[in-house]
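Chains as they are written, first to last, in my numbering: chain A, 162 to 344; chain B, 2 to 397.
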């Protein structure tokens, strides 16, 4: 995805640090203080943003382990049995997610970049050496995929205000669901 | 954040791109310099004192007698060049004491468009005879004296948008009052530019294309395909298809004009009091080429506005058909729908390259003072891509 979040956050930090903060009058202590906090805040977000999902998975795994151990020893009073039953149900729900191999955001982005590169190489090869039928079919497929991607991107950036009629666009949630159902 | 080998391009790769995408001499110079400097330092805000010191030395070599620089200040606006205004008190060649305001435009380490200051300088000098353009006085195309490629022009009074209060929004239109005042002047100046006879002007920084040949169009495709290769962070197959289609369908140029390539609202100044256009700005992308490119660019949905009656106005000024009819009448040059459709694709493809490739690339390298703005511009890409897809549909 262009631009990625790290790039955007980094640009915001630079703007605050290099342009906004030096331009603030020295006596505007509250504004200076809050702008500096913003720089710090954004710095934290830059470090965290593509690890959020991974962080949650680690947390899920740790709590599953803890809960599993607690459930094993949970015998006796009806209240303990009740709580243990609920805990087992919660563990059953978490189990399929814990068994999945989920890539990091950076790994996913690299995979997508590599697929795009391969599509491009095939298009160039088709132009050079492909039969007219293959060339035509390749172009048609690329145009069809581009239509879906562009709709997704327009929804993704709908809030920027560049769209003439933003209300005509689907929401981010809807467009992601639509693409998932189509694939 | 993606950091790839393009941040440290090898000399062999730079040379291979030059060979693969032959283009105009000064364009090649600019892009080669950009790539050779890419691994260099990131942009840092300049100390005003050091800019003034260089400027004093620069002017000292060009002005006879004493002079003084006052009220030096940074200017907002524009996504590519760093701009400063200053007052200069000096004595002209007739011995008359003068006090004038100037604008210093300086290229940052890399910008959303890498361009050659001499092209901008020569084009502005040439077309001043026909349309309102700030007078350009000095140019340092290599940045040998001012530290960065730069030009100095007269400051022009005016605003780019009607006065308005409230938060920033990309779609701040002209509104009915200013539209009525501005639209006739705007179309007239665009028509004047198309018919301007540049042949007796100094255009040594340009390689004028031949009439009835598509050689100049192919050079322009090479220019932007080279930029795509130099800057892109990840591929976008629709742009590859568009480039292929543009090469296969490049039309010969029937009449060579100066093409501004960014002629739209936001790039001209007007007086709020009477709506008179005082200056057409931002000539950095100018080339000698096909007038249809300026027309097609203006038709981009990015610059459209829906008026009070629900009609889409291109450039926020006229319905498309009316604009083209007026343009033909004023320029005396025909508008060929086939060429216009071709340059629709060309302009949208080029615009997508600026924002999909160059904007994230310069943000990655921290090469400009406008990271935050070019990052914001990327949000407009889907709209441009959508128009590009529409323009290509049925043609591919």
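Beta carbons are placed, not taken as given, at the ideal position from N, Cα and C, and that holds for glycine.
What separation, rounded to the nearest whole angstrom, lies between the Cα atoms of residue 231 of chain A and residue 218 of chain A? For the purposes of this step, residue 231 of chain A is taken as residue 70 along the first chain, with counting starting at 1. For the purposes of this step, residue 218 of chain A is taken as residue 57 along the first chain, with counting starting at 1. In a straight line, the C-alpha of residue 231 of chain A is about 20 Å away from that of residue 218 of chain A.
I'd like to know whether the C-beta atoms of residue 320 of chain A and residue 332 of chain A end up nearer to each other than 8 Å. Residue numbering aside, residue 320 of chain A sits at position 159 when the first chain is read from its first letter. Residue numbering aside, residue 332 of chain A sits at position 171 when the first chain is read from its first letter. Against a cut-off of 8 Å, the Cβ pair of residue 332 of chain A and residue 320 of chain A comes out as no contact.
So what does DSSP say about residue 284 of chain B, is it helix, strand or coil? Taking the first residue of the second chain as 1, we reach residue 284 of chain B at position 283. The three-state reading of DSSP puts residue 284 of chain B in coil, since its state is none of H, G, I, E or B.
Since residue 340 of chain B contacts residue 252 of chain B with CB under 8 Å, what's their CB separation in whole angstroms? What you label residue 340 of chain B is simply residue 339 of the second chain in a count that begins at 1. What you label residue 252 of chain B is simply residue 251 of the second chain in a count that begins at 1. At roughly 5 Å, the Cβ-Cβ gap stays under 8 Å, so residue 340 of chain B and residue 252 of chain B are in contact.
From B/240, B/367 and B/219, pick the residue whose C-alpha is nearest to that of residue 393 of chain B; which is it? Here residue 393 of chain B corresponds to residue number 392 of the second chain, with the count starting at 1. When B/240, B/367 and B/219 are compared, the shortest CA-CA separation from residue 393 of chain B is found for B/240.
Beta strand (DSSP E) segment containing residue 305 of chain A, residue limits: Position 144 of the first chain, counted from the start, is the residue given in the question as residue 305 of chain A. Residue 305 of chain A: not part of any beta strand (DSSP E); member of the alpha helix (DSSP H) spanning 293-317, first to last residue.
Check whether the Cβ atoms of residue 294 of chain B and residue 259 of chain B lie closer than 8 Å to each other. Within the second chain, numbered from 1, the residue matching residue 294 of chain B stands at position 293. Within the second chain, numbered from 1, the residue matching residue 259 of chain B stands at position 258. Taking 8 Å as the cut-off, the Cβ atoms of residue 294 of chain B and residue 259 of chain B do not count as close.
Assess contact between the segment 157-165 of chain B and the segment 269-283 of chain B, defined as three or more Cβ pairs (one per stretch) separated by less than 8 Å. Is contact present? Counting Cβ pairs under 8 Å, three or more are found: they touch.
Compare the C-beta of residue 277 of chain A with all C-beta atoms of chain B and state if any pair is closer than 8 Å. Here the question's residue 277 of chain A lines up with position 116 in the first chain. Chain B contact via Cβ: present.
Have a look at the DSSP bridge pairing and note the partners of residue 99 of chain B. Taking the second chain and counting its residues from 1, one reaches residue 99 of chain B at position 98. DSSP lists B/91 as partners of residue 99 of chain B.
Do you know offhand how far residue 131 of chain B's Cα is from residue 195 of chain A's? By 1-based counting over the second chain, the position of residue 131 of chain B is 130. By 1-based counting over the first chain, the position of residue 195 of chain A is 34. Rounded to whole angstroms, residue 131 of chain B and residue 195 of chain A show a C-alpha spacing of 51 Å.
Let me see if you follow: with CB-CB separation under 8 Å, is residue 358 of chain A close to chain B or not? For chain A, the structure presents residues 162 to 344; residue 358 of chain A sits outside this window and is missing.
Considering only residues of the segment 8-69 of chain B, which uninterrupted alpha helix (DSSP H) runs meet the minimum length of 4 residues and lie entirely inside it, listed in chain order? Within the segment 8-69 of chain B, the complete alpha helix (DSSP H) runs of at least 4 residues are 12-21, 26-38 and 49-61.
Residues in the same chain with beta-carbon distance under 8 Å from residue 307 of chain B, minus the five sequence neighbours each way, listed in chain order, please. Your numbering for residue 307 of chain B matches position 306 in the second chain. The beta carbon of residue 307 of chain B sits closer than 8 Å to those of 313 and 314, all from its chain and outside the five residues before and after it, given in chain order.
Among B/336, B/368, B/355 and B/303, which residue has its Cα nearest to the Cα of residue 385 of chain B? Taking the first residue of the second chain as position 1, residue 385 of chain B is located at position 384. Measuring C-alpha to C-alpha distances from residue 385 of chain B to each of B/336, B/368, B/355 and B/303 identifies B/303 as the nearest.
So which residues of chain B does residue 200 of chain A contact, with C-beta pairs closer than 7 Å? Locating residue 200 of chain A in the first chain gives position 39, where the first residue counts as 1. The contacting residues do not exist; residue 200 of chain A stays about 13 Å from chain B at best.
What first and last residue would you give for the alpha helix (DSSP H) that runs through residue 170 of chain A? The residue given as residue 170 of chain A occupies position 9 in the first chain. For residue 170 of chain A, the uninterrupted alpha helix (DSSP H) segment begins and ends at 166-175.
So residue 92 of chain B and residue 99 of chain B are in contact, right, with Cβ under 8 Å, and what is the actual spacing, rounded? Within the second chain, the letter at position 91 stands for residue 92 of chain B. Within the second chain, the letter at position 98 stands for residue 99 of chain B. Indeed, because the Cβ distance is near 7 Å, the residues count as touching under 8 Å.
Taking the Cβ atom as the reference point for each residue, do residue 312 of chain A and residue 280 of chain A lie within a distance shorter than 8 Å? In the first chain, counting from the first residue as 1, residue 312 of chain A sits at position 151. In the first chain, counting from the first residue as 1, residue 280 of chain A sits at position 119. For residue 312 of chain A and residue 280 of chain A, no; Cβs fall outside 8 Å.
Nearest to residue 255 of chain B by alpha carbon, out of B/335, B/163, B/231 and B/135? As a first step, residue 255 of chain B is located in the second chain; it is residue number 254 there, counting from the start. The shortest Cα separation from residue 255 of chain B among B/335, B/163, B/231 and B/135 belongs to B/335.
Closest residue to residue 366 of chain B among B/152, B/343 and B/109 (Cα-Cα distance): In the second chain, residue 366 of chain B corresponds to position 365, counting from 1. Put simply, of B/152, B/343 and B/109 the residue whose alpha carbon is nearest the alpha carbon of residue 366 of chain B is B/109.
Straight-line CA distance for residue 227 of chain B to residue 144 of chain B? Translated into the one-based positions of the second chain, residue 227 of chain B becomes position 226. Translated into the one-based positions of the second chain, residue 144 of chain B becomes position 143. Distance from the CA of residue 227 of chain B to the CA of residue 144 of chain B, rounded to the nearest whole angstrom, comes to 23 Å.
Can you pull the chain A residues whose beta carbon is under 7 Å from the beta carbon of residue 50 of chain B, in chain order? Working through the second chain from its first residue, we reach residue 50 of chain B at position 49. Those do not exist, as residue 50 of chain B stays about 14 Å from chain A at its closest Cβ, beyond 7 Å.
Inter-residue Cα distance where the pair is residue 283 of chain A and residue 373 of chain B: Within the first chain, the letter at position 122 stands for residue 283 of chain A. Within the second chain, the letter at position 372 stands for residue 373 of chain B. The straight-line gap from Cα to Cα measures roughly 35 Å.
Measuring alpha carbon to alpha carbon, tell me which of B/14, B/31, B/135 and B/187 ends up nearest residue 150 of chain B. Translated into positions along the second chain, residue 150 of chain B becomes position 149. Closest in alpha carbon position to residue 150 of chain B, among B/14, B/31, B/135 and B/187, is B/31.
Taking CB distances under 8 Å as the criterion, tell me whether residue 175 of chain A reaches chain B. One-based indexing of the first chain puts residue 175 of chain A at position 14. True, the Cβ-Cβ gap to chain B drops below 8 Å.
Starting from residue 121 of chain B, find everything on chain A with Cβ-Cβ shorter than 8 Å and list it in chain order. Residue mapping note: residue 121 of chain B aligns to position 120 of the second chain, counting from 1. Result: empty, since nearest Cβ-Cβ is about 25 Å, beyond 8 Å.
Residue 382 of chain B in three-state terms, based on DSSP: As a working note, residue 382 of chain B is residue 381 in the second chain. Under the three-state reduction of DSSP, residue 382 of chain B is assigned to helix.
Going by DSSP, name the residue or residues bridged to residue 319 of chain B. Residue numbering aside, residue 319 of chain B sits at position 318 when the second chain is read from its first letter. Paired residues: B/315.
Got a sec: is the Cβ-Cβ distance from residue 311 of chain A to anything in chain B below 8 Å? The residue you call residue 311 of chain A lines up with position 150 of the first chain. Closer than 8 Å: yes.
Closest to residue 210 of chain A by CA distance: which of A/309, A/227, A/314 and A/170 is it? Within the first chain, the letter at position 49 stands for residue 210 of chain A. Closest in alpha carbon position to residue 210 of chain A, among A/309, A/227, A/314 and A/170, is A/170.
On a Cα-Cα basis, can you pick out the residue from A/305, A/327, A/324 and A/334 that is closest to residue 391 of chain B? The sequence position of residue 391 of chain B within the second chain is 390, counting from 1. When only C-alpha atoms are compared, the closest one is A/305.
Interface residues of the segment 304-318 of chain B facing chain A [CB-CB below 9 Å]: When CB distances to chain A are screened at a threshold of 9 Å, the residues of the segment 304-318 of chain B falling below it are 305, 306, 307 and 313, in chain order.
Write down every uninterrupted run of the beta strand (DSSP E) in the segment 316-368 of chain B whose length is 3 residues or greater and which is fully enclosed by it, in chain order. Correct list: empty.
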